[in-house]
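Below is one structure; the comments refer to it alone.
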Amino acid sequence: MKEYKITAWPDLPAEFRRTAYRRMVSELSQRYVTETHLQKCTGASAHDVTRLLSHLNTCELLDAREAEEELPKRRLLSWPFQLFASH
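Each residue of the sequence shown is one higher than the one before, starting from 1 at the first, in full-length UniProt numbering.
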């Protein structure tokens, strides 16, 4: 899975000036995010996310990298309890 981040703030054409697109650009400006994350946090459809990423890539404003493998959430949340359980 890939993660994306913008390298510079884009001048969006009229078709991308809706609130959902601006939210996506804001997320992309702050950190590397996946397409799924953009859909969840902005409420945009998969098609809208793909269109915006394609446009940003065409304008050479998009940096992409392979996403790091995530640890299972249970493991992430259980580590503080393991510290206290061992004492």
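We put the CB at the ideal spot given by N, CA and C, even for glycine.
In this structure, GLU3 sits away from ALA44, with a CB-CB distance that is not shorter than 8 Å. For the beta strand (DSSP E) assignment, the uninterrupted runs of no fewer than 3 residues enclosed by the region 37 to 71 are, from N- to C-terminal side, 62 to 66. Contact between GLU27 and THR42 holds: their C-beta atoms lie close to 7 Å from each other, under 8 Å.
For GLU15, no beta strand (DSSP E) encloses it, and the DSSP letter there is neither H nor E. Going by DSSP, TYR32 is part of no beta strand (DSSP E) at all; its letter is neither H nor E. Annotation for PRO10: VAL25, LEU56, CYS59 and LEU61 place their beta carbon closer than 7 Å to its own, counting only its chain and skipping 5 residues before and after.
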